[in-house]
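In the UniProt record's numbering, the protein residues as written are 1 to 410.
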């Protein structure tokens with residue numbers, strides 16, 4: 001059994017352009033050469049364990065007593081510079097992301113109650129209205145970039161209503177959330193701007209409460225204080241925006257490039273659910289997640305894990321684990337993927353259902369409105385966002401018949 005220090009000589013760099021283009025083969029190579037738990041170097045060559053096995057990710061996520069979320073346990077803080085681009089993922093704050101035990105139940109329960117209080121039928125109708133409005137903005141052109149003009153604008157535009165947020169504030173919020181999640185230059189500054197935006201929203205709701213998530217959290221019997229609500233609003237907004245936008249974009253790409261799901265107009269709506277689920281298995285928007293921290297010395301996947309070691313959850317790698325894929329090859333009807341996380345810190349109910357409503361509606365309305373939609377460039381020329389953590393396109397150029405669209409939109 002080797003611990004992290006003795007395994008560093010063979011550690012893999014978990015950053016760089018290879019993970020941005022086609023990370024699947026790299027995940028497979030890491031698993032093949034290092035097993036289900038591999039030593040890796042994060043940005044700045046900060047060491048960590050990378051958990052690639054489905055069973056091992058499930059075990060880590062399902063045991064919060066042994067693999068916990070409080071980042072103050074990390075035994076490598078002395079290696080982290082103040083401008084480290086991944087700091088937003090690990091800098092401890094009083095958000096629900098870093099709580100544990102009874103405190104996490106209190107906070108996650110309040111979020112679930114606030115999200116669940118919003119009528120799901122009203123949400124679905126609002127999603128349709130948002131999708132139609134966004135499509136109207138480019139329907140007459142005959143071409144569009146479905147990432148910048150549609151997928152990236154859809155989730156937070158929907159969430160603006162759930163949050164009771166003025167829609168004119170959403171473009172800046174989308175930009176800053178993208179910057180903070182990409183873990184590149186300016187990530188820390190973008191995160192600070194998102195936090196200020198949530199503080200302003202909470203101040204608005206205290207003055208004029210409404211049927212929205214911030215107002216519900218303010219009045220919730222859990223007794224949340226302002227700092228907790230602000231940071232939890234930020235967590236929900238971040239989780240709703242980039243992963244859902246990438247889910248939409250990756251699904252549209254799949255349907256335009258893969259003959260198995262790019263079927264006739266009559267069958268397209270029926271194949272949307274299959275495509276959405278297939279993306280979660282094979283091109284999941286959240287590829288890797290930081291992470292869990294061992295509370296004591298233990299063993300995992302043939303590795304000796306020391307107390308305080310960081311474990312990065314390789315969600316995409318685990319979904320592609322040959323053991324689970326051979327056991328359940330039909331991804332179209334199999335929902336056992338780990339794309340929403342798992343366990344205490346998995347995506348809380350009803351957040352996955354809300355994300356699916358947004359993504360499914362976005363794809364279905366688009367296909368209904370633009371039935372001759374086609375990719376405007378060669379599939380191999382599409383560029384991916386430069387992130388090891390998220391999987392999404394930088395652009396998705398398409399072409400369609402503007403005359404038909406203009407008529408359909410009237």
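We put the beta carbon where it would ideally sit given N, CA and C, even for glycine.
Practice prompt. Could you tell me if residue 253 is buried or exposed, where buried requires 16 or more neighbouring beta carbons within 10 angstroms of its beta carbon?
Written response: Along the chain shown, read from residue 1 onward, the residue named residue 253 stands at position 253. It counts as buried.
Practice prompt. Would you tell me roughly how many angstroms separate the C-alpha atoms of residue 149 and residue 9, rounded to the nearest one?
Written response: Within the chain shown, residue 149 is the residue found at index 149, counting from 1. Within the chain shown, residue 9 is the residue found at index 9, counting from 1. Looking at the two C-alpha atoms, the distance is approximately 45 Å.
Fill in: residue 121 burial status per 10 Å Cβ neighbour count (16 or more: buried)
Locating residue 121 in the chain shown gives position 121, counting from the first residue. If you draw a 10 Å sphere on the C-beta of residue 121, you find fewer than 16 other C-beta atoms in it, and that means exposed.
Worksheet item: In terms of residue numbering, what span does the beta strand (DSSP E) encompassing residue 49 cover?
Response: Walking along the chain shown from the start, residue 49 turns up at place 49. For residue 49, the uninterrupted beta strand (DSSP E) segment begins and ends at 46-51.
Discussion item. Considering only the alpha carbon of each residue, which of 152, 397, 273 and 382 lies closest to residue 21?
Written reply: In the chain shown, the residue the question calls residue 21 occupies position 21. Answer by Cα proximity: 382.
Discussion item. Buried or exposed for residue 62, going by 16 or more other Cβ atoms inside 10 Å?
Written reply: On the chain shown, position 62 is the one that residue 62 refers to. Classification for residue 62: exposed.
Fill in: Contacting residues, own chain, Cβ-Cβ under 6 Å from residue 453 (five flanking each side not counted)
Nothing about residue 453 can be read from this structure; the chain reaches only from 1 to 410.
Discussion item. Considering Cα atoms alone, identify which of 346, 350, 390 and 370 is closest to residue 64.
Written reply: Translated into the one-based positions of the chain shown, residue 64 becomes position 64. When only C-alpha atoms are compared, the closest one is 346.
Worksheet item: In terms of residues, what are the limits of the alpha helix (DSSP H) holding residue 39?
Response: Within the chain shown, numbered from 1, the residue matching residue 39 stands at position 39. Where residue 39 is concerned, there is no enclosing alpha helix (DSSP H), although the beta strand (DSSP E) it sits in stretches over 37-42.
Worksheet item: Contact check, residue 308 vs residue 75 under 8 Å by CB: the rounded distance?
Response: Here residue 308 refers to the residue found at position 308 when the chain shown is read from its first residue. Here residue 75 refers to the residue found at position 75 when the chain shown is read from its first residue. About 3 Å; that satisfies the 8 Å criterion.
Worksheet entry | Inter-stretch contact (C-beta, 8 Å, three-pair minimum) for the stretch 126-141 and the stretch 216-236 | Cβ pair count under 8 Å is below three, so no.
Item to complete: Go through its chain and collect everything with a Cβ distance to residue 197's Cβ below 6 Å, but skip five positions before and after it.
Response: For this step, residue 197 is matched to residue 197 along the chain shown. Counting only Cβ-Cβ distances below 6 Å, and skipping sequence neighbours, we find 173.
Fill in: Three-way DSSP call (helix, strand, coil) for residue 31 in this model
Here residue 31 corresponds to residue number 31 of the chain shown, with the count starting at 1. Residue 31 falls in the helix class under three-state DSSP.
Worksheet item: Can you give the Cα-Cα distance for residue 223 and residue 170, rounded to whole angstroms?
Response: In the chain shown, counting from the first residue as 1, residue 223 sits at position 223. In the chain shown, counting from the first residue as 1, residue 170 sits at position 170. Taking the straight line joining both Cα atoms gives about 28 Å.
Item to complete: Excluding the 5 residues preceding and the 5 following residue 385 in the sequence, name in chain order all residues of the same chain whose CB lies nearer than 6 Å to its CB.
Response: Counted from its first residue, the chain shown places residue 385 at position 385. Within its own chain, the residues whose Cβ lies closer than 6 Å to the Cβ of residue 385, once the five positions on either side in sequence are excluded, are 392 and 394, listed in chain order.
Worksheet entry | Nonlocal neighbours in the same chain, by C-beta distance under 6 Å from residue 99, ignoring five residues either side | Residue numbering aside, residue 99 sits at position 99 when the chain shown is read from its first letter. Result list for residue 99: 107, in chain order.
Worksheet item: Can you pull the DSSP bridge partners for residue 281?
Response: As a first step, residue 281 is located in the chain shown; it is residue number 281 there, counting from the start. In the DSSP output, where bridge partners are listed per residue, residue 281 has none listed.
Fill in: Assigned exposure category for residue 110 - 16 Cβ within 10 Å defines buried
Along the chain shown, read from residue 1 onward, the residue named residue 110 stands at position 110. Buried, because 16 or more other Cβ atoms sit within 10 Å of the Cβ of residue 110.
Worksheet item: Alpha carbon to alpha carbon, how far is residue 397 from residue 370?
Response: Taking the first residue of the chain shown as position 1, residue 397 is located at position 397. Taking the first residue of the chain shown as position 1, residue 370 is located at position 370. C-alpha separation (whole angstroms): 14 Å.
Worksheet entry | Rounded separation between residue 113 and residue 213 - CA only | By one-based count along the chain shown, residue 113 stands at place 113. By one-based count along the chain shown, residue 213 stands at place 213. Those two C-alpha atoms are separated by around 9 Å.
Item to complete: Give the secondary structure of residue 397 by DSSP, where H, G and I count as helix, E and B as strand, and everything else as coil.
Response: On the chain shown, residue 397 is found 397 positions in, with the first residue counted as 1. Here DSSP, grouped into helix, strand and coil, assigns residue 397 to strand.
Worksheet item: If we count the other Cβ atoms within 10 Å of its Cβ and call it buried at 16 or more, is residue 166 buried or exposed?
Response: Numbered from its first residue, the chain shown carries residue 166 at position 166. So residue 166 counts as exposed.
Practice prompt. With a 10 Å radius around its C-beta and 16 neighbouring C-beta atoms as the bar for buried, classify residue 281 as buried or exposed.
Written response: Here residue 281 is taken as the residue at index 281 of the chain shown, counted from 1. Buried, because 16 or more other Cβ atoms sit within 10 Å of the Cβ of residue 281.
Worksheet entry | Pair within 9 Å by beta-carbon distance, residue 311 and residue 291 | Here residue 311 refers to the residue found at position 311 of the chain shown. Here residue 291 refers to the residue found at position 291 of the chain shown. Going by C-beta atoms, residue 311 is nearer than 9 Å to residue 291.
Worksheet entry | CA nearest to the CA of residue 373, picked from 399, 39 and 95 | Here residue 373 refers to the residue found at position 373 when the chain shown is read from its first residue. Each of 399, 39 and 95 was checked against the Cα of residue 373, and the nearest Cα belongs to 399.
Practice prompt. Report the three-state DSSP secondary structure of residue 292 (helix, strand or coil).
Written response: Along the chain shown, read from residue 1 onward, the residue named residue 292 stands at position 292. Under the three-state reduction of DSSP output, residue 292 falls in the strand class.
Worksheet item: From residue 337 to residue 55, what distance separates their C-alpha atoms?
Response: Counted from its first residue, the chain shown places residue 337 at position 337. Counted from its first residue, the chain shown places residue 55 at position 55. So the two alpha carbons sit approximately 11 Å from each other.
Practice prompt. Inspect the CB distances between the stretch 137-153 and the stretch 188-203 and report whether three or more fall short of 8 Å.
Written response: The stretch 137-153 is not in contact with the stretch 188-203.
Item to complete: In angstroms with no decimal places, state the Cα-to-Cα distance between residue 242 and residue 350.
Response: Indexing the chain shown from 1 puts residue 242 at position 242. Indexing the chain shown from 1 puts residue 350 at position 350. Inter-residue distance for residue 242 and residue 350 is about 18 Å (C-alpha atoms, whole angstroms).
Item to complete: Please name the residue or residues paired with residue 384 in a DSSP beta bridge.
Response: Here residue 384 refers to the residue found at position 384 of the chain shown. Under DSSP, residue 384 takes part in a beta bridge, and its partners are 393.
Item to complete: Can you have a look at residue 363 and say buried or exposed, based on whether 16 or more other CB atoms are within 10 angstroms of its CB?
Response: Position 363 of the chain shown holds residue 363. By the neighbour-count rule (16 or more Cβ atoms within 10 Å), residue 363 is buried.
Worksheet item: What residue from 159, 138 and 306 has the CA that sits closest to residue 354's CA?
Response: For this step, residue 354 is matched to residue 354 along the chain shown. Considering only alpha carbons, the answer is 159.
Worksheet item: With distances taken from CA atoms, which of 180, 218 and 301 is nearest residue 32?
Response: Stepping through the chain shown from its first residue, residue 32 is reached at position 32. The shortest Cα separation from residue 32 among 180, 218 and 301 belongs to 301.
Worksheet item: Nearest-angstrom Cα distance between residue 304 and residue 294?
Response: On the chain shown, position 304 is the one that residue 304 refers to. On the chain shown, position 294 is the one that residue 294 refers to. A straight-line Cα-Cα distance of about 11 Å links residue 304 and residue 294.
Discussion item. Closest to residue 402 by C-alpha separation, out of 3, 17 and 138, would be which residue?
Written reply: Reading the chain shown from its first residue, position 402 is the one you call residue 402. The residue with the shortest Cα to Cα distance from residue 402 is 138.
Item to complete: Identify whether residue 67 lies in helix, strand or coil by the three-state DSSP scheme.
Response: As a working note, residue 67 is residue 67 in the chain shown. Of the three classes helix, strand and coil, the one that applies to residue 67 here is strand, per DSSP.
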